[in-house]
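Here the structure comes first, spelled out in structure tokens, and everything after it is commentary.
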Amino acid sequence: MLFTFSASTIPACLAFNIDTRNPEVFLGEPGDFFGYRVLQYLNKSSNNKGIVVTAPLRLNGSGGIYQPHQNKWFKPTEDLQSNTTAVKHLGLSIAADSSGSRFTVCSPSLVHECNENSYLNSICYELSDQLQKISSFKPAYQECTKKTVDLVFLFDGSASMTEEEFNRNNDFIVEIMDSLKNMSIKFAAVQFSSTVHKVFDFNDYKAGRALDKLMKENHLKGLTNTHRAIEFVLDQIFDNPAAGASPDATKALILITDGDPSDTDRKGIIKKYDEKNIIRLVIGIKDAKLDKFRAIASEPKDKNAFKIENYDGLTGVLENFQKDVFVMEGSKGAQARNLTDEMSQSGFSAIFNKDTLILGSVGTNSWRGSLQERRDKTETIEDQEMEMDSYMGYSVSVGERGGVSLYFTGAPRFQHTGQVVLFKQNSNNWTTAQRITGDQIGSYFGAELCSVDINSDGDTDFLLVGAPTFYQLQEKKEGQIYIYTLTDELQLKSELIVMGPSMGRFGTTISSLADLNGDELRDVAVGAPLEDDNRGAVYIYHGNKQRGICSTFSQRITGKEVTPGIKFFGQAIDGAIDLGGNGLPDIVIGSQGAAVVFRYQNSPIFDVMAHLTFQPKEINTEIFDCLGADENLPMVTLTACFEMVKVTKSKQEAVRSGLNITFTVAVDPMRQKYRGFFSQTDKTARSLTSTYEMLDETACFNFSIYMHKCVSELLSPISIKCNFSQADNETAATTLNVDSKRQSVVEVPFKKACRKNDTCIAELDVDFSFMTTQLLVAEDAYFNVSIKLANHGDDSYNTMLAMHYPPGLSFSRMTLIESSRSTPHKCSDLEGVLDKTICGVSLPLFRSRSSATFESSFYVMHDFEWDDTISMTIDANSNNQDSNRTSALTKNIPVQYEIKMILTVKQDSATYLNFTTEDPAPKEMGITYRIDNFGFKDFPVNVTMFFPTELEHNFEIKSYEVFVKEVTLCLPEHFSCITMVCKSFNLEKYSAAEFTLLGKANFRDLEQKPANLPFLKKYTGDSGNVKFVSSIHVGYNKDRFVLESLKQKVFFTHSNNTTRWIEVQFDFIIPPNKLLIISTGVSLGLVLLIVITVVLFKLGCFKRRKLTYHIQRERIKATENVEETKVQIFLIYNYSEGVNLNI
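Heads up: the sequence shown runs through residues 1 to 1143, numbered per this note's numbering.
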């Protein structure tokens, strides 16, 4: 029993053109799939109108047709032939003729038996608008043809086959005979190896002896003489009436082998098989090579010759084998799978072209499909290029353009992607005009078709194609529809693709509706019956002259709004007839268990258009001043006008009340930082909202808009947008058209001085140079860069200098050095960005032909890990920079660290040692060098010490070594003058390293030296000294490090910043030979005494004087005394007289 109710409690969608608040719902049994198809009808002669609903699973699957308004059912009649089973699934398709007085409903599941084979055809009923049967017919009905099949199994019994495989082969033969035992097939079996042995013939099979003989058959175990066996089957089985062969039977051979033939076809036996049209199916197992036995198989060889890996694969062969039986039974040729109408299922789809019925027959010609055109006689329309298993006829639509009739049909399984075929009529013949193939495997492209006469002028304008299982992986959406324009050349041209909004088989149904919104264009409904957890949804798209439909839906109607528990809402849609009598079309939507009628809005619908104008026409940029005091200036005066036009053509009277609209006007609505506002004192008032009841056709409003004195963005115009909507859409007596363009936008431009039209193009050039030859990393160091910016083009809007540098630099400041005009600037770092600084230059306008030079200073972070070189990029950008002009410049500069190192010699180092013959033993010598790192940076050093081991006077250093405190190891390289090389090590910051040279110094053979002195040296003694000079050199990477010049304290050294040396004086002393001196003195004294004595003796010193001699001597002496006295007296006298005598 059906129930009709008004779902007054169902909540409305948004108030669109279709009223979803009070639908008329007709319920049926979900198990009958009541609502699978729905159809509106209007008998133009009697004005009888209503809807028809199909339930294809009613009455245990027989199906039924229901008229809700008359509460009347039609069920299939029983006037079927004796070999025909009951009608199944009546109502899978239904179509009304052009008069609306009759319609055709089909069951494409009519099964009838032929010679124990089952054919799947159809039956259609022609019904009146009162559900009275007018007639019935069976389109593309395949009559039974009496034909038997003689089928021979020729199986390999060679030695390469194991006993288990031999038994598995026999099991396969038994399974095939069991599965086909109710068909008109006789079986025989032959085993071959080196010899050929008949297992059983057709007579044995008919007598029931075949199975017993097969089970008792022994394994031959020989060679594989395949061609000899094939010849045996032809002579002794197929052409031998005594074996039970039928002369007029279709003959088939199934060859099962696991190896290549051991013989050749010398007698041309394969050619004889071809001449007799004997079908040959070859199954190669295991080691059999496909190219060897393909020659044995009949055409098409790719279908009749295949290989499986083992005998277990024979099970899969069995599953597909029954399809080939249809080829053998009732066919005149021997081409495999050449079905015609045995599985036609004509009536799978149905539509009328005026008074001509067109039915889709998906199963004809081995499921290639065809169309059946039923007028005075039935004509089959085929596409000769259609491939098998394509299901052409799955959907069908009709059209006409320029007086030429057109048929469109879908083949959703063509090459697994789907295809749509366009047929056009030439005279009385139908030819293929175009084929369009889908672009995704499994999308079922062409499963639904809908032709649209967009402006109802009698010419088809568009074709909509559904691909309900098209899957968008990223968006998780399913289904889409393709819109094609039908050109005057009768070709389909792709226009638009609309994707399903979610998962749900969007595009399962597509229906052309009457004009819903009063724009005189037909609209479209698209069903997605699996959306919303299989509850389903329907989308309404308004028509569009250029693209067929609008790209976005105007209304979404969901199944859960209609009745709880509904399933597959949108399975069927029809909507072109005014069922309610208000002059507006209604829509009926089918689901599983319900048919729902939606009424068009009863209230009048109006279009409202908004227009915005403003004064003045542009904003003068000279008024902006970002350096002066902040104030607000008038921008423009805005005028917003609304125009109201009625678009519906209902039978109701004119509107009795106005249309309330709420509108919002906003300045720069898409910008986070807006440039205008509606209050001179409130800068946050960027928008204004108001409600107005429109009673007249036009209403206008004026608004003053203000702006800041400092506006940074002057290139793009200021956008002003007005959005409006109906204020009381749920209770109002009038309705705002859903297709009304509910916004208006104007742009207020700024005044520009551009060389080319109204497009200003800046030509910025930037250059920069480093003010040092390297970046020196030191404590409290700064790095300076000179930057020059020039604009050779039009005014530059929002000019920015972007400086990209290593994170080890910290921007400090940028100073203007010189400029051609006033050039204020402001720099700021980006939050969280350590390697970029943006500087705005002369905002908002950097004028044409301007230039400026800046100096940027960066603080150098000494604790940053620097590379050997750094790159710095400076880029000049603006909102109107020439896109073809490169304004970025990159330069590199080496990086060096400042290091603070001091070399010293410790005070306790040896500077003087002496040796004597009394103390000739070697003496310990120690010299300590100290390397101090007072800087912040560790750096690697190479230390080398130099000192001699031998000097003059047989001086030598023995047992020398260098001690280093846990820093490195030093090893000698030369042995006359020692070069002590120390392994490179890292001198850590604020640390020191000491290198101590120890050795034993002595004068070799100093004890023997006195004996070897010259004779005279033995009396005087000897002495001497040597100066021992040692040095240390500290090397480092001078490309990477720079040594700070420090005043270094040095003890007893001569030095530079990286080398220190010290001089140690070694003295030796040999005293005189005392014994020699004494003995020599004694000897010489004695000799001298003797000589003196002899001389004195010779001089007479040893003789006595006489008395006279003594007296004479006394006289002489007295005379000398008198003379001396005179002289003295004379001198005294003259002195007393003042006389200066010159004696």
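For each residue, glycine too, the CB sits at the ideal point set by N, CA and C. Source: prediction; values computed, not measured.
Apart from the 5 residues on each side of it in sequence, residue 698 sits with its Cβ closer than 8 Å to the Cβ of 641, 642, 643 and 644 in its chain, given in chain order. The three-state secondary structure of residue 401, taken from DSSP, is strand. Out of 845, 926, 1004 and 948, the CA that lies nearest to the CA of residue 915 is found in 1004. Per DSSP, the unbroken alpha helix (DSSP H) holding residue 164 starts and ends at 163–179. As the crow flies, the alpha-carbon of residue 1041 is around 28 Å from that of residue 814. Here the stretch 782–802 makes contact with the stretch 868–883; the two share three or more CB pairs at distances below 8 Å. Residue 1094: not part of any beta strand (DSSP E); member of the alpha helix (DSSP H) spanning 1074–1099, first to last residue. Rounded to whole angstroms, residue 551 and residue 754 show a C-alpha spacing of 39 Å. Ranked by Cα distance from residue 956, the options 903, 1025 and 936 are led by 1025. Here residue 566 carries a coil assignment [DSSP, helix/strand/coil]. Residue pairing by DSSP puts residue 251 in a beta bridge opposite 150. Excluding five sequence positions before and after residue 497, the CB atoms of its chain that fall closer than 8 Å to its own CB belong to 480, 481, 482 and 483, given in chain order. Sequence-distant partners of residue 816 (beyond 5 residues in either direction) whose C-beta falls short of 8 Å from its own C-beta, in its chain, are 823, 825, 852, 853 and 854. Counting only runs that start and end inside the stretch 582–614, there is no alpha helix (DSSP H) element of at least 4 residues. Residue 980 sits buried, since 16 or more C-beta atoms from the chains shown fall within 10 Å of its C-beta. Just measuring C-alpha positions, the residue of 289, 291 and 297 sitting nearest residue 279 is 297. Residues 797, 879 and 880 of the same chain have their beta carbon placed closer than 6 Å to that of residue 715, with the five preceding and five following residues left out of the count. Rounded to whole angstroms, the separation of the alpha carbons of residue 866 and residue 847 is 39 Å. Residue environment for residue 571: buried (at least 16 other C-beta atoms within 10 angstroms of its C-beta). When rounded, the separation of the alpha-carbon atoms in residue 667 and residue 876 is 30 Å.
Selection 658, 700 and 711 evaluated against residue 677 yields 711 as nearest (Cα-Cα).
Assigned with DSSP and collapsed to three states, residue 63 falls in strand. The criterion of a C-beta distance shorter than 8 Å is satisfied by residue 788 and residue 768.
Linking residue 179 to residue 396 through their CA atoms gives a straight-line distance of about 37 Å. Taking C-alpha positions only, residue 819 is separated from residue 799 by approximately 15 Å.
Residue ranges of uninterrupted beta strand (DSSP E) with 3 or more members, entirely inside the stretch 334–397 and ordered along the chain, are 346–353, 356–361, 370–374 and 378–381.
Pairing residue 1086 with residue 1092, the inter-Cα distance amounts to about 10 Å. Sequence-distant Cβ neighbours of residue 430 in its own chain, meaning closer than 6 Å and more than five residues away, are 381 and 423. By the beta-carbon neighbour count (other beta carbons within 10 angstroms, threshold 16), residue 722 is buried. Taking one beta carbon from each stretch, the stretch 161–169 and the stretch 194–214 have fewer than 3 pairs nearer than 8 Å; the two do not touch.
In the three-state reduction of the DSSP assignment, residue 767 falls in the strand class. Residue 647 sits in coil when the DSSP states are folded into three classes, being neither helix nor strand.
Judged by pairs of C-beta atoms under 8 Å, the stretch 506–522 does not touch the stretch 484–493, as fewer than three such pairs exist. Here residue 999 is not near residue 1070, since their CB atoms are 8 Å or more apart. At a cut-off of 3 residues, the continuous stretches assigned as beta strand (DSSP E) that sit fully inside the stretch 481–515 are 492–499 and 509–513. Within its own chain, the residues whose Cβ lies closer than 8 Å to the Cβ of residue 476, once the five positions on either side in sequence are excluded, are 502 and 503, listed in chain order.
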